[in-house]
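Here the structure comes first, spelled out in structure tokens, and everything after it is commentary.
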Amino acid sequence: MLKKIALAAGLFSATALASNAVQAEVKVGLLGGISGPIAAMAPPMLDSAQLAIQQVNEQGGILGGQTLEAVVGDSACNPQNGVDSATKLVNIEQVAGLIGPHCSGAVLAVANSVTVPAGITLITPSGTSPEITGLDDKGQVFRTVPSDDFQGRSLARTLLDLGTKKVAVAYLNNDYGSGLANAFKVEFEANGGELAGYSAHEEGKASYRSNLAELSRGGADTLVIFDYGDGTGLTILRQALENGFFTNFVGGDGMKSDAIIRELGADNLTTFIASSPVGEKSNSLEIFNEAYKAVGGNPDAIFVSNSYDAAFLMALALEKAGGDSSKVSAAMSAVSDGQGEAVLPGEWTKAVELIAAGKDIDYKGASGDLNFDNAGDVPGSYGLFKVEGDAFALQQALN
Amino acid sequence: MELIGLLNYAVFMAIFIGIYSLLALGLNIQWGFSGLFNAGIAGFFAVGAYTSALLTAPESSVHLGGFQLPVVAGWIGAMIAAGLIAWPIGKVCLRFRSDYLAIATIGVAEIIRLVVKSEGWMTGGARGVNKIPRPFGDLTYLYSQLAYLALVVAIVFVVYLAIERQISAPWGRMMRGIRDNEDAATAMGKDIKARRLEAFIFGAAVMGLGGALFAHFNRSITPEAIDPMIATFLIWIMLILGGSGNNRGALLGVAVVWIIWSASEFVTDQLPTEYAIKAKYMRVFIIGLLLQLVLRFRPEGILPEPQGTADRPEVKTLQNQESAAK
Chain D
1 MLKKIALAAG LFSATALASN AVQAEVKVGL LGGISGPIAA MAPPMLDSAQ
51 LAIQQVNEQG GILGGQTLEA VVGDSACNPQ NGVDSATKLV NIEQVAGLIG
101 PHCSGAVLAV ANSVTVPAGI TLITPSGTSP EITGLDDKGQ VFRTVPSDDF
151 QGRSLARTLL DLGTKKVAVA YLNNDYGSGL ANAFKVEFEA NGGELAGYSA
201 HEEGKASYRS NLAELSRGGA DTLVIFDYGD GTGLTILRQA LENGFFTNFV
251 GGDGMKSDAI IRELGADNLT TFIASSPVGE KSNSLEIFNE AYKAVGGNPD
301 AIFVSNSYDA AFLMALALEK AGGDSSKVSA AMSAVSDGQG EAVLPGEWTK
351 AVELIAAGKD IDYKGASGDL NFDNAGDVPG SYGLFKVEGD AFALQQALN
Chain H
1 MELIGLLNYA VFMAIFIGIY SLLALGLNIQ WGFSGLFNAG IAGFFAVGAY
51 TSALLTAPES SVHLGGFQLP VVAGWIGAMI AAGLIAWPIG KVCLRFRSDY
101 LAIATIGVAE IIRLVVKSEG WMTGGARGVN KIPRPFGDLT YLYSQLAYLA
151 LVVAIVFVVY LAIERQISAP WGRMMRGIRD NEDAATAMGK DIKARRLEAF
201 IFGAAVMGLG GALFAHFNRS ITPEAIDPMI ATFLIWIMLI LGGSGNNRGA
251 LLGVAVVWII WSASEFVTDQ LPTEYAIKAK YMRVFIIGLL LQLVLRFRPE
301 GILPEPQGTA DRPEVKTLQN QESAAK
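Residue numbers (the UniProt record's numbering), protein chains in the order written: chain D, 1 to 399; chain H, 1 to 326.
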């Protein structure tokens with residue numbers, strides 16, 4: 001019994017401590033899939049978001065010199081923990097906005113049962129499900145990553161333009177893989193392409209040779225892989241190369257990973273291309289890469305630039321809304337609608353001055369231009385990358 | 001911290017405790033009273049959640065449905081569907097003894113999860129089912145949560161009463177008899193296979209209802225929710241800690257574990273920021289440690305199963321006779 005009392009006392013004093021925080025702080029929630037299936041991806045994403053917050057604080061702070069503080073929550077990549085953690089962030093920590101969650105299922109649940117009813121704006125760096133577009137969200141849900149629909153469709157059109165009419169598709173059976181694959185399939189077939197194979201695979205298996213053999217039976221010489229290059233996608237690509245199931249390989253943005261070049265060698269990847277988002281006519285990405293390297297991060301990790309942009313946009317929107325959480329959603333659209341003076345990653349002081357002067361600003365993100373449409377989605381511009389030397393190089397833009 | 005925020009959080013916790021109570025009560029019927037080791041709670045949770053979602057959600061191009069039935073119909077449908085799925089599983093698996101049954105049910109839950117993920121025409125695949133109506137969902141944040149809480153509490157209360165009644169009836173005594181001594185029960189002419197199947201289906205239906213309440217609360221259900229950690233093992237811990245074989249113990253276990261699970265994040269958040277990410281794993285560790293401690297020091301749980309039922313007249317007479325004989 002004594003133990004229980006001690007525990008309860010500990011809990012109460014902890015919550016009391018949290019509530020006594022100084023008022024010169026503006027809190028935002030940083031909700032990530034820390035302990036779940038994307039545990040390996042989440043920490044770099046959170047780090048890059050923290051980088052944006054650190055830059056804001058180093059350059060004079062938010063809302064006239066207040067400190068921007070990120071409260072980290074764990075969504076464990078499932079709706080149960082996501083909703084629980086978001087409820088705490090919104091109600092107990094009283095955050096002014098929420099960055100995350102990382103996984104689509106958690107985004108849907110959190111938006112439906114916490115942030116939209118509470119009137120808090122949510123921006124996810126990696127929720128790619130097309131369902132997020134259709135949320136009944138009063139304009140309060142944004143994302144810095146394009147819906148899977150965009151990339152899958154533009155990749156399909158580009159492949160057809162390049163003269164590839166018959167492909168097989170292998171995709172990871174999660175929201176990322178199946179979302180991309182579905183969009184690709186619809187667009188590819190509608191424009192006269194032929195799918196010689198189309199199959200989902202589960203992650204983490206030692207061998208995918210039977211899947212690959214099945215896919216190659218359709219007679220296509222091009223394999224399209226929608227998977228992660230530092231996970232199952234690498235295994236699939238390696239085994240497809242080793243066994244000669246296919247000659248050409250095409251990947252989605254998840255496959256544009258340095259792990260592939262490191263593990264398989266550039267010599268073996270002459271027939272491999274991957275689509276990936278590209279920033280339009282700006283050096284935003286380089287600025288971010290430099291800044292992120294300087295704090296010890298790996299800028300090639302998946303979704304780190306999206307995560308950075310989400311945090312920086314949230315700060316900009318809060319500044320523009322004057323800290324009023326009910327106005328953040330309108331401000332979010334306003335700071336990145338393609339109109340106004342360009343603000344690049346890290347240019348916080350400049351942005352604050354422009355906002356104070358009442359001028360329109362347009363954030364040019366590291367992960368793309370990020371001009372929000374009415375649903376809070378970004379269109380995303382993509383390029384096809386091939387392996388050159390020991391790195392990926394842009395081959396052509398996707399239409 | 002504003003009071004209204006605290007209230008919102010408390011109401012949310014109560015709703016989740018209610019939903020998990022249904023899962024724990026369902027498990028209590030199967031394990032607590034009948035000795036059936038079901039390690040596939042997530043499967044029945046998923047069947048209930050998806051059935052109710054598909055029955056009530058508006059039409060969509062990505063999944064089956066568009067029936068838009070009233071929510072009540074969805075909830076009843078969820079119980080029926082979970083029970084129906086449990087029937088063939090029980091038929092096949094209940095012949096196994098405890099640990100084999102556990103392995104079989106883990107497999108079944110995994111099959112259900114993969115079917116949900118892969119059969120996109122029916123379940124929407126990874127996109128899941130969205131726009132599920134939530135009762136009283138149009139009210140403001142606090143009132144909407146309060147109304148939903150009232151619904152959940154009412155349902156849990158009815159289910160609790162139903163189980164209590166069933167367990168104190170001759171059926172319940174027979175189930176405990178089968179659990180404690182299968183050979184004796186066989187010798188008394190009990191049809192063990194059929195009785196176990198009844199308990200298995202009864203428990204699964206209650207779990208299905210819990211899944212349905214969860215889906216409607218979040219207005220969406222995706223395969224990510226069918227995570228064994230959060231939808232199977234957490235419930236086992238709740239039941240073991242609270243006291244299996246005792247419905248009040250099950251409810252208490254749910255409340256204690258969920259509050260520790262949820263509120264421990266405040267404690268770990270007090271650690272310095274460089275540990276912020278590592279600290280999140282502390283919660284998983286705390287839950288595991290708790291289970292170890294309970295099993296070591298109080299294996300019967302906080303509220304153990306009541307032994308002997310002294311308030312029943314026939315038992316009293318029996319005890320009187322015994323003491324008279326001495």
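Where a beta carbon is used, it is the ideal one built from N, C-alpha and C, also for glycine. None of the values given here were measured: they were computed from a predicted structure.
Are at least three pairs of beta-carbons, each pair with one atom in the stretch 33-49 of chain D and one in the stretch 324-339 of chain D, less than 8 angstroms apart? no
Taking Cβ positions only, does D:T87 come closer than 8 angstroms to chain H? Mapped onto the first sequence, residue 87 of chain D falls at position 87. So, interface residue.
Can a CB atom of chain D be found closer than 8 angstroms to the CB of H:L151? Here residue 151 of chain H is taken as the residue at index 151 of the second sequence, counted from 1. False, the Cβ-Cβ gap to chain D never drops below 8 angstroms.
D:T133 to H:K91, Cα distance in whole Å? The count along the first sequence starts at 1 and reaches residue 133 of chain D at position 133. The count along the second sequence starts at 1 and reaches residue 91 of chain H at position 91. Roughly 43 angstroms between the two C-alpha positions.
For D:P125, count neighbouring C-beta atoms within 10 Å of its own C-beta (all shown protein chains included) and say buried if the count is 16 or more, exposed if not. Residue 125 of chain D sits at position 125 when you count from the first residue of the first sequence. Counting Cβ neighbours within 10 Å, D:P125 comes out buried, since at least 16 surround it.
Quick check on D:F372: does DSSP put it in helix, strand or coil? Here residue 372 of chain D is taken as the residue at index 372 of the first sequence, counted from 1. Residue state, collapsed to three classes: coil.
Please list, in chain order, all residues of the same chain as H:E305 whose beta carbon is under 6 angstroms from its beta carbon, the five residues on each side excluded. Your numbering for residue 305 of chain H matches position 305 in the second sequence. Result list for H:E305: G245, N246, in chain order.
Mapping DSSP to helix, strand and coil, what is D:V110? Your numbering for residue 110 of chain D matches position 110 in the first sequence. Here D:V110 sits in helix by DSSP.
Please check if any C-beta of chain D sits within less than 8 angstroms of the C-beta of H:F285. Working through the second sequence from its first residue, we reach residue 285 of chain H at position 285. Output row for H:F285: interface = no.
Compute the beta-carbon to beta-carbon distance between D:N374 and D:T144, rounded to the nearest angstrom, for a pair I have assumed lies under 8 angstroms. For the purposes of this step, residue 374 of chain D is identified with residue 374 of the first sequence, where counting begins at 1. For the purposes of this step, residue 144 of chain D is identified with residue 144 of the first sequence, where counting begins at 1. Incorrect: roughly 16 angstroms between the Cβ atoms, too far for contact.
Ordered along the chain, which non-local residues of its own chain (more than five positions away) have a Cβ less than 6 angstroms from that of H:A86? In the second sequence, the residue the question calls residue 86 of chain H occupies position 86. Once the five neighbours on either side are set aside, the close Cβ partners of H:A86 are F200, I201, A204.
Using only alpha-carbon positions, find the residue among H:C93, H:L295, H:I15 that is nearest to H:W236. Residue numbering aside, residue 236 of chain H sits at position 236 when the second sequence is read from its first letter. H:W236 has its Cα closest to that of H:L295, out of H:C93, H:L295, H:I15.
For the stretch 291-315 of chain D, which residues have a beta carbon sitting closer than 9 angstroms to at least one beta carbon of chain H? none
The beta strand (DSSP E) that contains H:T123, what's its start and end? Stepping through the second sequence from its first residue, residue 123 of chain H is reached at position 123. That residue, H:T123, is in no beta strand (DSSP E); its alpha helix (DSSP H) goes 120-123.
List, in order along the chain, the chain H residues whose C-beta lies closer than 7 angstroms to that of D:Q80? Looking up residue 80 of chain D in the first sequence gives position 80. Chain H residues near D:Q80: A225, I230.
Hey, would you say D:A106 sits closer than 8 angstroms to D:G73, going by beta carbons? Here residue 106 of chain D refers to the residue found at position 106 of the first sequence. Here residue 73 of chain D refers to the residue found at position 73 of the first sequence. Cβ atoms of D:A106 and D:G73: not closer than 8 angstroms.
Where H:E265 meets chain D, residues with beta-carbon distance less than 9 angstroms: Reading the second sequence from its first residue, position 265 is the one you call residue 265 of chain H. Simply G73, D74, D84, S85, K88.
In chain order, what residues of the same chain lie with their CB nearer than 7 angstroms to the CB of H:W75, ignoring the 5 residues before and after it? As a first step, residue 75 of chain H must be located in the second sequence, where it is residue number 75. Excluding sequence neighbours, H:W75 sits near S52, L209, A212.
With DSSP run on the structure shown, which of helix, strand or coil describes D:L155? The residue you call residue 155 of chain D lines up with position 155 of the first sequence. Three-state DSSP puts D:L155 in a helix.
Sequence-distant residues of its chain with Cβ nearer than 6 angstroms to H:R113 (five each side left out): As a working mapping, residue 113 of chain H is identified with position 113 in the second sequence. Only I226 meet the Cβ criterion.
So, is D:T158 buried or exposed, given that buried needs 16 or more other C-beta atoms within 10 angstroms? Taking the first sequence and counting its residues from 1, one reaches residue 158 of chain D at position 158. Under this definition D:T158 is a buried residue.
Using a C-beta to C-beta distance shorter than 7 angstroms, which residues of chain D count as neighbours of H:F217? The count along the second sequence starts at 1 and reaches residue 217 of chain H at position 217. In chain order: S113.
Drop a sphere of 10 angstroms on the beta-carbon of D:M45, count the other beta-carbons inside from all chains shown, and report buried for 16 or more, exposed for fewer. The sequence position of residue 45 of chain D within the first sequence is 45, counting from 1. Buried, since its Cβ has 16 or more Cβ neighbours within 10 Å.
Is there a Cβ from chain D that is less than 8 angstroms from the Cβ of residue 329 of chain H? Because chain H here runs from 1 to 326, residue 329 of chain H falls outside it and cannot be looked at.
Contact the stretch 138-148 of chain H vs the stretch 59-74 of chain H: 3+ CB pairs below 8 angstroms: no
Counting C-beta neighbours from all protein chains within 10 Å, is the total for H:S98 16 or more, i.e. buried, or is it exposed? As a first step, residue 98 of chain H is located in the second sequence; it is residue number 98 there, counting from the start. It counts as exposed.
Check whether D:I123 and D:F142 have beta carbons under 8 angstroms apart: Translated into the one-based positions of the first sequence, residue 123 of chain D becomes position 123. Translated into the one-based positions of the first sequence, residue 142 of chain D becomes position 142. For D:I123 and D:F142, yes; Cβs fall inside 8 angstroms.
Reduced DSSP category for D:V22 - H, G, I as helix; E, B as strand; rest coil: Taking the first sequence and counting its residues from 1, one reaches residue 22 of chain D at position 22. Reliability of the predicted coordinates at D:V22 is poor, the pLDDT of 44 falling under 50, and the value obtained from them is presented with this limitation in mind. In this structure, D:V22 counts as coil in the three-state DSSP scheme.
Secondary structure of D:E341, DSSP reduced to three states: What you label residue 341 of chain D is simply residue 341 of the first sequence in a count that begins at 1. Three-state result, D:E341: strand.
Taking contact to mean at least 3 C-beta pairs separated by less than 8 angstroms, is the stretch 90-105 of chain D in contact with the stretch 282-300 of chain D? no
At which residues does the beta strand (DSSP E) containing D:Q54 begin and terminate? Counting from one through the first sequence, the residue named residue 54 of chain D turns up at place 54. That residue, D:Q54, is in no beta strand (DSSP E); its alpha helix (DSSP H) goes 42-58.
How would you label H:M188, buried or exposed, when you count the other beta carbons within 10 angstroms and need 16 or more for buried? As a working note, residue 188 of chain H is residue 188 in the second sequence. With fewer than 16 Cβ atoms within 10 Å of its Cβ, H:M188 is classed as exposed.
Alpha-carbon to alpha-carbon, H:F16 and H:A73: If you number the second sequence from 1, residue 73 of chain H lands on position 73. If you number the second sequence from 1, residue 16 of chain H lands on position 16. Roughly 22 angstroms between the two C-alpha positions.
Compute the Euclidean distance between the alpha carbons of H:W261 and H:F157, then round it to the nearest angstrom. By 1-based counting over the second sequence, the position of residue 261 of chain H is 261. By 1-based counting over the second sequence, the position of residue 157 of chain H is 157. Cα-Cα distance, rounded: 24 angstroms.
Does the beta carbon of residue 400 of chain D sit closer than 8 angstroms to a beta carbon anywhere in chain H? Since the displayed chain D opens at 1 and closes at 399, residue 400 of chain D lies outside it and no answer follows.
Find the residues of chain D that neighbour H:V277, judging by a C-beta separation of less than 8 angstroms, and give them in chain order. Looking up residue 277 of chain H in the second sequence gives position 277. For the sequence presented, residue 277 of chain H should be read as Ile rather than Val. Result: I34, A42, P43, L46, V72.
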